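Chains Y and D are the protein sequences, given in the same order.
Every number in this note's numbering is 126 more than the matching position in the first sequence, counting from 1.
To convert, note that position 228 of the second sequence is 216 in this note's numbering; the numbers rise steadily by one, no gaps.
Don't be surprised by glycine CBs; every beta carbon is placed ideally from N, CA and C.
Since the model is a prediction, treat every value here as computed from it, not as a measurement.
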Amino acid sequence: MMVTNIRDRISCKNQVYAARPFVTSCGLFAVGILAVFCSTAGAQQAAPRSPVVVQPGAPGKPSKRLPSSTTGKLPPASQANAEFMQGMIMHHAQAVEMTALIPSHTENKELRTLGARIRHSQADEIRFMKRWLTARGEPLSAPMPAMAGMGMPPHHSMPLMPGMLTTEQMEALRKARGAEFDHLFLTGMIQHHEGALTMVKDLFDTAGSGQDAELFDFATDVDSGQRAEIRIMQAMLEKKTPEEKQ
Amino acid sequence: MNRVPSIFYVAFVAMILSFGVNRLYAQAQTPTPTPAPSPSASDSSEQADEDENPFAPEAAPTLPPGMKGSDANDPRAKLSPGLYNAGQTAQGIKHLELVKKPDAFQLGSSNPDDPKVQKILGQLGPRSTAKIPKPMQLVIAQLAFANSDLAFQGNHLFQGNFYGVSIYDISNPAKTKLVTTLVCPGGQGDVSVYKNLLFMSVEMPNGRLDCGTQGFPPAPAPTAAEEAQMKKEKKRPAPPAQKDRFRGVRIFDISDIRNPKQVAAVQTCRGSHTHTLVVDPNDKDNVYIYVSGTSFVRKPEEMAGCSDEEPEKDPNTALFRIDVIKVPLAAPQEAKIVSNPRVFMDARTGAMNGLTNGGTHGKKGPEKPKDTNQCHDITVYSAIGLAAGACSGNGILLDIKDPVNPKRVDAVNDPNYSYWHSASFSNDGTKVVFTDEWGGGLAARCRANDPNVWGADAIFNLNNDKLSFESYYKMPAAQGDTENCVAHNGSLVPVPGRDIEVQAWYQGGISVMDFTDAAHPFEIAYFDRGPIDPKMLVLGGDWSAYWYNGYIYASEIARGLDVFELTPSKFLTQNEIDAAKTVKVNELNVQDQQKIEWPAKLVVARAYLDQLSRSQALPVGRIAALENAIQSAEKSHLSNDAAAKLKSMAPSVQKDAEAAKNQTDSKRLRALAEILEHPAA
């Protein structure tokens, strides 16, 4: 233990009590010494017991006392955390780009509503990721080599995050109208969202990553939110199929 | 707090130091002090991002047609900002004190040039500090040190934190003292206490079996051979399974309150976002823990059998279930998972994901509807054999008479709900109050333009295991756009004859609500502070507000621990407050709800009389006569004569009970007659 436990001291009252026969036999000198000691101990006794800082050990192991000056410490930073945020900004930007096509490409009300919701939440999340990166002094987009590290083919003209639509897929989406657009949008966005799930999985599968509290909450939400939207889009696809067949 | 559905203005920070965030904001803006473009509406908003100040709050969208917002004229709407010097206002509540968060849960300096701060920032990454504005350096990553939920035992209060637990001595509530700071990170630090055992939830990947603060190191730079392999396989090599990682429920022995020891750590696949203590009235040897995990499923290499596949692909998926831990009281080190109830199963088809319809805010809102593959929190009420689960997209009702095998008996959805967060029963078990944590607790959701039925409580009647919706309640005052605010944790206030709940609303403060009439809930008291900062949302506010043995304690995320006392008002009399104070419990874990029993004291009778007077259930003359008789009995210290007099009045009150116009007054009259019959000194 690094700090004296005041409770372990015997109280002054008890000492006086126990010491009385000794005091009477030894005279004033001893009384004087005891009085000095007692006033010191008494002052400590009267003061509130100071709080302790304790760090438990693993189950079954003893706890250890930490200095009262102990302050908080953050888990180690991980480059993969920043890369996740940088990659996800790019990933989300494509979803916003896709949803921007909706007003001019389809009259489908259900899809328009869904698109508005996706656009709003992805734009919000982009803002969050920018705040996270800015506050940590990280650039908003990753340099190329980092992308290569994320498993992208090096020197590719445009590195794509998992699930992102290729240039060809985006072109097809831009050209489509009506039911064809709806179908390409839904299948494309499901592919896109599944990529986000892969990115979250990769993040938590990377040693030392995902330990930042804000990023942990965010990534957890991306996962549950996109799973829910995938389910909704799958339901829309299933519902549409019979109509299209008619 | 749950994970963060749609993060609008998350400041990742809880300002722990009384440092001007104004200054911080000013510096954060440089070198591009362009105001944020208006949200969502314009097509240009997507391109403007590079110049945008990401810390500026976004204006609230317009109210959907037919909906009402919150009251911008309420005195709580415009309080001055500050961390420790914010303006504050209260009604029917007296603020006794704020105990600041312990140093061990803070970065420990208000000076950005302090080497301590630089050292801590160094942990964030080698190239990070130079570009961060100085004041900003103090508020980075404060969610890691956020205060969370509360539990109580005797004279001790246990306050969870993402970084551990603080234990306070509340023998003199107005002079609450810190006893022990238990350092053990892993978030969120949801806590429960039972006899000599303290339970704590851990969900984050930095959680360690040994309570270490170091987390786990990033992988070393790959060797040339590994790099080649990575390029070939297009992915990183799988990291080693960390046998020292802990995500689940920790169990500490607190026999020595100044030296808690970890006795067990029960690992779960999704960690533990929250947990609920379950005490089976028929089992004296064990207690049970219901574990609600909401985050990612860990890899099977780290914990055997964990799978994050959809149920169609893997019937053993860790999704779509809760976990039940059995804790032998004589040998807590042997605690283990004994079942994984599939509480969302469709009884007819056997599909595990039987409740996937989610809760939405209709088709107009920006919110994502949530899947129901997890519970966020469960409140058990063993006295009536039921539990209410707030499970993401649904509220569910469980029969827990066999606590190891809870069975779903009802499930509800709500068109205005975004994320089912928590639940509490009325004491008589005829009502359930659910909460909706729209925005995840990190967003401003009480602005004048935020609908007052979103992010609100929903009050349901409960009859024959069936829930039926009655009304919404949302803390009525508008809050600023830099105040995270939404319905959060609360507990019953034991005023006899009424259903009253005190509840935390993050930076919306605390609100005391009467829901005796489920269709017409109303506010009877409140306390609120101004925002931590006026220009950017800095995470803070009350996580939980609970009544415990006469006082209200609130866990303030960024500031510390608040202690309050109720004061009389036109909505609540001194007799009602005194009657509530007659209820004493030895332990309080709010999600393990206990039946409140009132002693047959005369002050309880007085409280009923005040209520009967308020509802005009008895003529003024009768009330005066009863009050006189009670006063004489009190003066004579319940002499035989006075007791006989009270007893003689009981039959007529009993008759009044039978003739009462409504159930509420009838119950009050019966309870009053009971006390008159057998008053306790």
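Does the distance from the C-beta atom of residue 185 of chain D to that of residue 391 of chain D stay below 7 Å? Start at 1 with the first residue of the second sequence, and residue 185 of chain D comes out as number 197. Start at 1 with the first residue of the second sequence, and residue 391 of chain D comes out as number 403. Their beta carbons are not under 7 Å apart, which means residue 185 of chain D does not touch residue 391 of chain D by this criterion.
Straight-line Cα distance separating residue 419 of chain D from residue 312 of chain Y: Here residue 312 of chain Y is taken as the residue at index 186 of the first sequence, counted from 1. Here residue 419 of chain D is taken as the residue at index 431 of the second sequence, counted from 1. Computed Cα separation, rounded: 42 Å.
List the residues of chain A whose Cβ lies closer than 7 Å to the Cβ of residue 473 of chain D, in chain order. No chain A is part of this structure, whose protein chains are labelled Y and D.
Give the DSSP-derived three-state secondary structure of residue 623 of chain D in the structure shown. The residue you call residue 623 of chain D lines up with position 635 of the second sequence. It is helical.
Taking C-alpha atoms, which residue in D:474, D:453, D:145 and D:285 lies nearest to residue 323 of chain Y? Position 197 of the first sequence, counting from 1, holds the residue named residue 323 of chain Y. Here the closest residue by C-alpha is D:285.
Same chain, Cβ closer than 7 Å to residue 276 of chain Y, neighbours up to 5 away in sequence not counted: Start at 1 with the first residue of the first sequence, and residue 276 of chain Y comes out as number 150. Annotation note: pLDDT 49 at residue 276 of chain Y (below 50); position unreliable, no value reported.
With burial defined as no fewer than 16 other Cβ atoms inside 10 Å of the residue's Cβ, what is the status of residue 630 of chain D: buried or exposed? For the purposes of this step, residue 630 of chain D is taken as residue 642 along the second sequence, with counting starting at 1. Label assigned to residue 630 of chain D: buried.
Nearest to residue 334 of chain D by alpha carbon, out of D:395, D:159 and D:520? Looking up residue 334 of chain D in the second sequence gives position 346. Minimum Cα distance to residue 334 of chain D is reached at D:395.
Using a C-beta cutoff of 7 Å, does residue 197 of chain D count as contacting chain Y? Numbered from its first residue, the second sequence carries residue 197 of chain D at position 209. Taking Cβ atoms only, chain Y reaches closer than 7 Å to residue 197 of chain D, which makes this a yes.
How many whole angstroms separate the CB atoms of residue 584 of chain D and residue 477 of chain D, which I take to be in contact at a CB cut-off of 8 Å? To locate residue 584 of chain D, count along the second sequence from 1; it is residue 596. To locate residue 477 of chain D, count along the second sequence from 1; it is residue 489. That belief does not hold up - the Cβ atoms of residue 584 of chain D and residue 477 of chain D are roughly 18 Å apart, past 8 Å.
Contact the stretch 444 to 455 of chain D vs the stretch 420 to 435 of chain D: 3+ CB pairs below 8 Å: yes
Between the Cα of residue 82 of chain D and the Cα atoms of D:278, D:166, D:438 and D:551, which residue gives the shortest distance? Locating residue 82 of chain D in the second sequence gives position 94, counting from the first residue. Nearest C-alpha to residue 82 of chain D: D:551.
According to DSSP, what are the bridge partners of residue 264 of chain D? Taking the second sequence and counting its residues from 1, one reaches residue 264 of chain D at position 276. D:278.
Is the Cβ of residue 304 of chain Y closer than 7 Å to any Cβ of chain D? On the first sequence, residue 304 of chain Y is found 178 positions in, with the first residue counted as 1. Cβ-Cβ to chain D under 7 Å: no for residue 304 of chain Y.
Just the C-alpha distance for residue 363 of chain D and residue 205 of chain D, rounded to the nearest angstrom, thanks. Numbered from 1 along the second sequence, position 375 holds the residue referred to as residue 363 of chain D. Numbered from 1 along the second sequence, position 217 holds the residue referred to as residue 205 of chain D. Residue 363 of chain D and residue 205 of chain D: Cα-Cα distance of roughly 31 Å.
Does any residue of chain D bring its CB to less than 7 Å from the CB of residue 373 of chain Y? Absent from the structure is residue 373 of chain Y, since the part of chain Y shown begins at 127 and ends at 372.
Partners in chain D for residue 337 of chain Y, counting only beta-carbon separations shorter than 8 Å: Translated into the one-based positions of the first sequence, residue 337 of chain Y becomes position 211. Going along chain D in sequence order, the residues near residue 337 of chain Y (Cβ under 8 Å) are 192, 193, 194, 203 and 204.
Sorted by chain position, which residues of the same chain lie with C-beta nearer than 7 Å to residue 201 of chain D's C-beta, five sequence neighbours on each side aside? As a working mapping, residue 201 of chain D is identified with position 213 in the second sequence. These residues qualify, in order along the chain: 171 and 173.
Enumerate in chain order the residues of its own chain whose CB-to-CB distance from residue 615 of chain D is below 8 Å, with the five nearest sequence positions on each side excluded. Working through the second sequence from its first residue, we reach residue 615 of chain D at position 627. Once the five neighbours on either side are set aside, the close Cβ partners of residue 615 of chain D are 594 and 597.
Could you work out which residues of chain Y lie near residue 248 of chain D, taking near to mean beta carbons separated by less than 7 Å? On the second sequence, residue 248 of chain D is found 260 positions in, with the first residue counted as 1. Correct list: 180, 182 and 189.
Determine which residues share a DSSP beta bridge with residue 183 of chain Y and list them. Taking the first sequence and counting its residues from 1, one reaches residue 183 of chain Y at position 57. The partner list for residue 183 of chain Y (beta bridge, DSSP) is empty, contrary to what the question assumes.
Residues that residue 318 of chain Y bridges to, as DSSP identifies them: Reading the first sequence from its first residue, position 192 is the one you call residue 318 of chain Y. According to DSSP, which records beta bridges pairwise, residue 318 of chain Y is partnered with nothing at all.
Taking the alpha helix (DSSP H) that residue 254 of chain Y belongs to, which residues open and close that run? Residue mapping note: residue 254 of chain Y aligns to position 128 of the first sequence, counting from 1. Segment 235 to 261, the alpha helix (DSSP H) holding residue 254 of chain Y.
Select from Y:336, Y:355 and Y:253 the residue whose C-alpha is nearest the C-alpha of residue 431 of chain D. To locate residue 431 of chain D, count along the second sequence from 1; it is residue 443. For residue 431 of chain D, the nearest C-alpha among the options comes from Y:253.
Should residue 198 of chain D and residue 186 of chain Y be called a contact, given that it needs their Cβ atoms to be closer than 7 Å? To locate residue 198 of chain D, count along the second sequence from 1; it is residue 210. To locate residue 186 of chain Y, count along the first sequence from 1; it is residue 60. It is not a contact, given that the beta carbons lie outside the stated cut-off.
Alpha carbon to alpha carbon, how far is residue 549 of chain D from residue 290 of chain Y? Locating residue 549 of chain D in the second sequence gives position 561, counting from the first residue. Locating residue 290 of chain Y in the first sequence gives position 164, counting from the first residue. Each residue's Cα considered, the two are about 46 Å apart.
Looking at the ligand MG, does it come within less than 6 Å of residue 220 of chain Y, judged from the CB to the closest heavy atom? The ligand MG is not part of the structure shown, which contains no ligands of any sort.
Might you give, ordered along the chain, the residues of its own chain that have their beta carbon closer than 6 Å to the beta carbon of residue 241 of chain D, omitting 5 neighbours on each side? The count along the second sequence starts at 1 and reaches residue 241 of chain D at position 253. Cβ neighbours of residue 241 of chain D beyond the five flanking positions: 184, 249 and 251.
Look up residue 499 of chain D in the DSSP assignment and say whether it is helix, strand or coil. Translated into the one-based positions of the second sequence, residue 499 of chain D becomes position 511. In this structure, residue 499 of chain D counts as strand in the three-state DSSP scheme.
Which residues does DSSP pair with residue 420 of chain D in a beta bridge? Working through the second sequence from its first residue, we reach residue 420 of chain D at position 432. Note: residue 420 of chain D sits in a beta bridge opposite D:413 and D:448.
Spell out the partners DSSP gives residue 377 of chain D in its beta bridges. On the second sequence, position 389 is the one that residue 377 of chain D refers to. Paired residues: D:366 and D:384.
If you pair each beta-carbon of the stretch 486 to 503 of chain D with each one of the stretch 511 to 523 of chain D, do three or more pairs fall below 8 Å? yes
Residues in the stretch 285 to 303 of chain Y having any Cβ partner in chain D nearer than 8 Å: none
Proximal residues of chain Y, C-beta to C-beta of residue 172 of chain D below 8 Å: Mapped onto the second sequence, residue 172 of chain D falls at position 184. In chain order: 181 and 182.
Please classify residue 608 of chain D as buried or exposed, where buried requires at least 16 other C-beta atoms within 10 Å of its C-beta. Working through the second sequence from its first residue, we reach residue 608 of chain D at position 620. Exposed.
Assign residue 29 of chain D to one of two classes, buried (16 or more other C-beta atoms within 10 Å of its C-beta) or exposed (fewer than that). Locating residue 29 of chain D in the second sequence gives position 41, where the first residue counts as 1. Low confidence applies to residue 29 of chain D: its pLDDT is 38, below 50, so where it sits in the model is not reliable, and the reading given next is rough at best. With fewer than 16 other Cβ atoms within 10 Å, it is exposed.
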